[in-house]
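Down below is the structure, laid out as structure tokens.
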Amino acid sequence: MPEFLDVVAPITAVTVFRDGARVARTGTLSVEAGGCRAVIGDLPATADAASVRVALRGHEVALLDVEVQRRYSADPLRADAAALRAQVEAARDAVQALDDEDAAEQAALGFTGHLSEAAAQALARAVSYGRVGHDDLDQMAAHLSASTAQALARRRDIAARRRAAHRELEAAQQRLADADRRTGPVESIEVAALIEATAAGAAIVELTYHVSGVSWRPLYDLGLAGEQVTISYLAEITQRTGEDWPEVELAVSTSRQGRHQTLPELRPWYIDRARPPRPPMAPMAPMAARSARLAESDGTVAQELAFASAGAPAGFPQSAPAGPRQPAPMQAAQVDESGAGLVYRITRPLAVPSDGSPHKTAIASIELAAKLDHLAVPALAAEAYLRATVTNESALLFLPGRARVFHDGQFVGETAMETVAAGAEFELQLGVDDQVKVERELRRRTTSKAVLGGSRTVDIGYEITIENHRGGQARVSVHDHIPVSADGDIKVRLRETSPDPSERTDLGELIWDLVLDSGKSSTIKYRFTVEHPASVTVAGL
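And the structure:
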């Protein structure tokens, strides 16, 4: 029998993918001449057994075989149920003690109130007979008032301590409930490596495996200073793998699975004349319905029916009943730095516990030159958006994610980053600039009268005003549009614009590129007509 060796192999590196992670463990062991069985246990149940890989490094040692098995052990929470129950009882006793203390204070207040009534009547009679003066009455009132105030203060203190005790009781009850819910054994994975050594010595065992229940997403901080944009690329990692990751070498990968497990392939795109729906068929008897279906099918089905009814000839295989089709197993992504994905190695180690909470770490911080201008779409919002056109001069791939925007260190809002490859040019929305004012007003809308069978013309005009209140020059790109007709009888014509647009698209979009000095304004006017038959009602105008 080979010698059994329990190997301590802590986590030494983790690579996080978009939908999983690859964990690496490393352990050392001393081997004697001959065979031994090295066992690495307590791997999380979320580990994919098929992904386990073992490598062995050392002199005169060889790895013969690797076995992966699932193990089950008693739940430690169940074993500690008695201690958890004792904690609940202690917390409940503490709450009861505070309830009793509050009841005693309440009884004291009641006694003080009764004493106050009796003393008030006695003192009133004494004052009327001249046996007690008004000073004695004031002194007694002050004493009773102070006693009442002190008792109320003690009750407030008891109420605060009781709230804290209630929270401790609820937490203890929750821990006990969690332990009671976990009635089954704890599942883990054990890896056994069969090693053969020709001489005694030391060996290093390297183990890697893939786990689920973990992902990361990109986050960004966009800082603008002058005409420089600083992009801080962050990774937010969340994991519930069942094992805590210490501060080890950490990397995040951009690799992900696509929508298809195999290469997508187009099928023919058939179109046909629309046919009226077939009338519903009258219900038929089961045998008659089956005969009708077979009559419409090809001869192969009829032949199979003949075999099924008469018995298959000798040597002809019987067909088994078809069960539900099982989905193809998901293939774990094979990630390589030379492949399609990129791997970002985090320079500063980060501990990531298996608690499901997000943990952030920095990937990189990049400074890029930006071309700044403003974008105004007054038909949608009377605002000017500061826009930066930037080229990704780094070797990083920017993935889609949320981004916070800062101007000279001050937070101004949030935006979103799209996928940006290395070397690609992209645009960033850097928030609303209230120093550039935008107004759009309807200045004209008239409808001509039409004779019977004639046409009608709608005349519409808009005016857009842009004002620059910034300390320097502002470049503003103003976008507006006119309608686009989807009917040949409805004609849309742009009659006049002032100034002429820098660009006009086939979809009716008009673009003006303006340059405004500080304190200056510009007015854009445009007018269009819509002509249509008088009998036609125009929708969407």
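Its first residue numbered 673, the sequence shown is counted upward by one per residue in the working numbering. Don't be surprised by glycine CBs; every beta carbon is placed ideally from N, CA and C.
Counted within 10 angstroms of its Cβ, other Cβ atoms place Q846 as buried (16 or more) or exposed: For the purposes of this step, residue 846 is taken as residue 174 along the sequence shown, with counting starting at 1. By the neighbour-count rule (16 or more Cβ atoms within 10 Å), Q846 is not buried but exposed.
Simplified DSSP state of L1069, which is helix, strand or coil: Counting from 1 along the sequence shown, the entry for residue 1069 is found at position 397. Reduced to three states, the DSSP call for L1069 is coil.
Helix, strand or coil for L1052 per DSSP? Within the sequence shown, numbered from 1, the residue matching residue 1052 stands at position 380. Note: L1052 maps to coil in three-state DSSP.
In terms of residue numbering, what span does the beta strand (DSSP E) encompassing K1163 cover? Residue numbering aside, residue 1163 sits at position 491 when the sequence shown is read from its first letter. First-last of the beta strand (DSSP E) with K1163: K1163 to S1170.
Closer than 6 angstroms by C-beta to E1175: which residues in its own chain qualify, once you throw out the five before and the five after it? Chain order, please. Residue numbering aside, residue 1175 sits at position 503 when the sequence shown is read from its first letter. Counting only Cβ-Cβ distances below 6 angstroms, and skipping sequence neighbours, we find I1183.
May I ask which residues mark the beginning and end of the beta strand (DSSP E) holding R729? Within the sequence shown, residue 729 is the residue found at index 57, counting from 1. Start and end: R725 to G730.
Could you say which of I683, S702 and T700 lies nearest to R694 if we only look at CA atoms? Within the sequence shown, numbered from 1, the residue matching residue 694 stands at position 22. R694 has its Cα closest to that of I683, out of I683, S702 and T700.
Whether E919 touches P1072 by CB criterion (8 angstroms): Translated into positions along the sequence shown, residue 919 becomes position 247. Translated into positions along the sequence shown, residue 1072 becomes position 400. Their beta carbons are not under 8 angstroms apart, which means E919 does not touch P1072 by this criterion.
Thinking T1061 and A1042 are a contact (beta carbons under 8 angstroms), I'd like their distance in whole angstroms, please. Counting from 1 along the sequence shown, the entry for residue 1061 is found at position 389. Counting from 1 along the sequence shown, the entry for residue 1042 is found at position 370. Indeed, because the Cβ distance is near 7 angstroms, the residues count as touching under 8 angstroms.
Name the two residues that bound the continuous beta strand (DSSP E) containing S860. Along the sequence shown, read from residue 1 onward, the residue named residue 860 stands at position 188. Counting along the chain, the beta strand (DSSP E) containing S860 begins and ends at V858 to A869.
If you follow the beta strand (DSSP E) that H1204 is in, where does it begin and where does it stop? Looking up residue 1204 in the sequence shown gives position 532. First-last of the beta strand (DSSP E) with H1204: S1193 to P1205.
With 16 other Cβ atoms within 10 Å as the buried cut-off, status of W941: As a position in the sequence shown, residue 941 is number 269, starting the count at 1. When all chains shown are included, W941 counts as exposed.
Nearest to L1166 by alpha carbon, out of D1159, E859, G1180 and G1160? Walking along the sequence shown from the start, residue 1166 turns up at place 494. Out of D1159, E859, G1180 and G1160, G1180 has the C-alpha closest to the C-alpha of L1166.
Beta carbon of T913, beta carbon of P1050: below 8 angstroms? Residue 913 sits at position 241 when you count from the first residue of the sequence shown. Residue 1050 sits at position 378 when you count from the first residue of the sequence shown. No; because the gap between Cβ atoms is not below 8 angstroms, this pair is not in contact.
Extent of the continuous beta strand (DSSP E) to which I1136 belongs: Translated into the one-based positions of the sequence shown, residue 1136 becomes position 464. Looking at the DSSP string, the run of the beta strand (DSSP E) that includes I1136 is S1127 to N1140.
Around the C-beta of S1106, are 16 or more other C-beta atoms found within 10 angstroms, so that it is buried, or is it exposed? As a first step, residue 1106 is located in the sequence shown; it is residue number 434 there, counting from the start. For clarity, residue 1106 is Asp in the given sequence; the question names Ser instead. Result: exposed.
Could you name the residues that DSSP lists as bridge partners for Y892? As a first step, residue 892 is located in the sequence shown; it is residue number 220 there, counting from the start. Its beta-bridge partners are Y905 and A1075.
According to DSSP, is G785 helix, strand or coil? Taking the sequence shown and counting its residues from 1, one reaches residue 785 at position 113. G785: helix per DSSP, three-state reduction.
Integer Cβ distance of V726 from A865, believed to fall under 8 angstroms: Taking the first residue of the sequence shown as 1, we reach residue 726 at position 54. Taking the first residue of the sequence shown as 1, we reach residue 865 at position 193. Contact holds; Cβ gap of about 5 angstroms.
Nearest by alpha-carbon distance to F1078: which of E1135, Y1134, G1103 and V863 is it? Looking up residue 1078 in the sequence shown gives position 406. Comparing Cα-Cα distances from F1078 to each of E1135, Y1134, G1103 and V863, the minimum goes to G1103.
In whole angstroms, give me the CA-to-CA distance for E761 and E862. Mapped onto the sequence shown, residue 761 falls at position 89. Mapped onto the sequence shown, residue 862 falls at position 190. When rounded, the distance between both Cα atoms is 38 angstroms.
Using 8 angstroms as the Cβ pair cut-off and three pairs as the minimum, do the region 886 to 902 and the region 698 to 705 touch? no
Measure from the alpha carbon of L1213 to the alpha carbon of each residue in S1157, D829 and I830, then state which is nearest. By one-based count along the sequence shown, residue 1213 stands at place 541. The shortest Cα separation from L1213 among S1157, D829 and I830 belongs to S1157.
Kindly identify the DSSP beta-bridge partner or partners of Q1101. The count along the sequence shown starts at 1 and reaches residue 1101 at position 429. R1059, per the DSSP bridge assignment.
From R690 to V886, what does the alpha carbon distance come to, in whole angstroms? Counted from its first residue, the sequence shown places residue 690 at position 18. Counted from its first residue, the sequence shown places residue 886 at position 214. Cα to Cα, the separation comes out at about 8 angstroms.
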